[in-house]
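Counting in my numbering, the sequence shown runs from 16 upward without gaps.
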Amino acid sequence: MTNQLSQAEQLTPEAYHQTVGPSLKAAADIAAKRGHPTLHDDLPCMIALVELVSRLVDLYADTRALTEHERGVLDAAPLGAAVMVLGEAGLDADTIAVMRDALRDAHSRVHDQGIIDDPRPTVAMAWSYLMDAKREAADNYLQRSVLAMAEAIDAWEAAPQSE
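Listed below in structure tokens is the structure:
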């Protein structure tokens, strides 16, 4: 966990401002609208957070020439953002490590089973607004993306599962 957190903390202010910050705001806002006073308490929104940061990191990396180290720091950002949320919730290091691993596995499962629609078009719109310094419009698209992912995960969880 320490390595994950320390790598996320190594993001440049610009990278954080364009990837993690907007994702955290959108996920926390949707979690609150869903009745969760803290983001860490809403698993679908936490999975959506990891996905949003992943997509924004890809877009950020596409626009820059990055060193191998910089790309490694960016690749750690999605789970690093989740670790920051869990740390802010006051959870102990062991619990954070277990929850980080569970989030990583849940995020992979969401993709492997096609539970969510591809958020890249919506996130790309948000990215274009972020690049134009139109934060409110970007936030609107990111919130839509989080909500769509959270609702898809909720529907999947509520559906009867066949073994």
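We treat Cβ as the ideally placed atom computed from N, Cα and C, and that holds for glycine.
| task | Please work out which residues of its chain come closer than 7 angstroms, Cβ to Cβ, to Ser-38, disregarding the five sequence neighbours upstream and downstream, and give them in chain order. | result | Leu-64, Leu-67, Val-68, Leu-71, Ala-96 and Leu-157
| request: Going by CA-CA distance only, name the one from Thr-78, Leu-106 and Asp-133 that's closest to Asp-56. | output: Leu-106
| said: Once DSSP output is grouped into helix, strand and coil, what is the label at Asp-59? | reply: For the record, residue 59 in the displayed sequence is Pro; it is not Asp. DSSP places Pro-59 in helix when its eight states are reduced to three.
| message | Just to confirm before moving on: does the CB-CB distance between Leu-101 and Ile-111 stay below 8 angstroms? | response | yes
| Would Thr-17 be called buried (16 or more neighbouring beta carbons within 10 Å of its own) or exposed? | Interpretation of Thr-17 is limited by its pLDDT of 41, a score under 50 that renders its predicted location unreliable; the figure taken from the coordinates is listed afterwards. By the neighbour-count rule (16 or more Cβ atoms within 10 Å), Thr-17 is not buried but exposed.
| task | May I have a chain-ordered list of the alpha helix (DSSP H) segments no shorter than 4 residues that lie completely inside the region 84-170? | result | 108-127 and 135-146
| query | Taking Cβ positions, are Pro-59 and Ala-165 nearer each other than 8 angstroms? | reply | yes
| task | Look at the Cβ atom of Leu-54, then the Cβ atom of Ala-42, and state whether they are nearer than 8 angstroms. | result | yes
| Roughly how many angstroms separate the alpha carbons of Val-125 and Ile-168, rounded to a whole number? | 8 angstroms
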